[in-house]
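As they're listed, the protein sequences go chains A and B. Taking the working numbering, the leading residue of the first sequence gets 1, the next gets one more, and so forth. Taking the working numbering, the leading residue of the second sequence gets 1001, the next gets one more, and so forth. Backbone N, C-alpha and C fix where the C-beta goes; we use that ideal spot for every residue, glycine too. Let me begin by presenting the structure, written as structure tokens, before commenting on it.
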Amino acid sequence: QQPVQSPQAVILREGEDAVINCSSSKALYSVHWYRQKHGEAPVFLMILLKGGEQKGHDKISASFNEKKQQSSLYLTASQLSYSGTYFCGTAETAGSNYKLTFGKGTLLTVNP
Amino acid sequence: KAGVTQTPRYLIKTRGQQVTLSCSPISGHRSVSWYQQTPGQGLQFLFEYFSETQRNKGNFPGRFSGRQFSNSRSEMNVSTLELGDSALYLCASSFTRNPPGAYGYTFGSGTRLTVV
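Here it is in structure tokens:
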């Protein structure tokens, strides 16, 4: 089951904040976040395991609400380098489910 | 340390032909996953291999197949190509033997397949 990301696209000015949401109808035990710049491979940002922990590095952080099967990615004081498409990937708890299912992505554009 | 290497980078094939794509994971990574990326659908899961065993397969027709070798290198094959198979094919490697829980994926740059 593909997770649903929102919004589909967002345009920011440098220094502004953004939140990208990811939700699933399935019970999850982990959520991954990746960023893909045009013409490049997706790059791993962070992983959140069930337990509701929040992670982050620099000005990018994320949370995982296990009960709601929702995760949010927070980008604060955005920089031009944050532009790209952000994907969440979810791993379900059911069975031996050796796959990561990705949402359709959120296109983030940061302008000067 | 070397990243995930995918070859070739670009391919142009004719409908009905078959194609083989290759992926060499990061040294020490034994899990390899394959994804098809298209503008409308995002990243669609094809299959995952660990220690030469396919552990999961996505909702793709049987024309899509793969395998993994003892050195963890993986190949995927698409037979009887259709125009709709045109896409960027990405492979990703991971350290863990467990379901994708504790470690992130490292993606290769992909193979851009165009079917004409």
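- Partner residues in the beta bridge of A:LEU48, as assigned by DSSP, are A:VAL31.
- Using a Cβ-Cβ cut-off of 8 Å, A:LEU73 does not count as an interface residue toward chain B, since no Cβ of chain B sits closer than that to its own.
- Within chain A, the residues whose beta carbon sits less than 8 Å from that of B:THR1106 are PHE44, listed in sequence order.
- When the beta-carbon positions are compared, B:TYR1010 and B:ALA1092 stay at least 8 Å from each other.
- Residues of the region 10-28 of chain A whose Cβ lies closer than 8 Å to any Cβ of chain B: none.
- A straight line joining the alpha-carbon of A:PHE64 with that of A:SER71 spans about 4 Å.
- Counting the other CB atoms within 10 Å of its CB gives A:LEU80 a total below 16, which places it among the exposed residues.
- Under the Cβ distance rule, B:ARG1073 does not count among the residues neighbouring chain A, no pair being separated by less than 8 Å.
- Straight through space, the alpha carbons of B:LEU1088 and B:THR1114 are spaced by roughly 9 Å.
- By alpha-carbon distance to B:GLY1058, the top candidate from B:PHE1045, B:PRO1008 and B:GLN1068 is B:PHE1045.
- In this structure, the CA atom of B:ILE1026 is about 5 Å from the CA atom of B:GLY1003.
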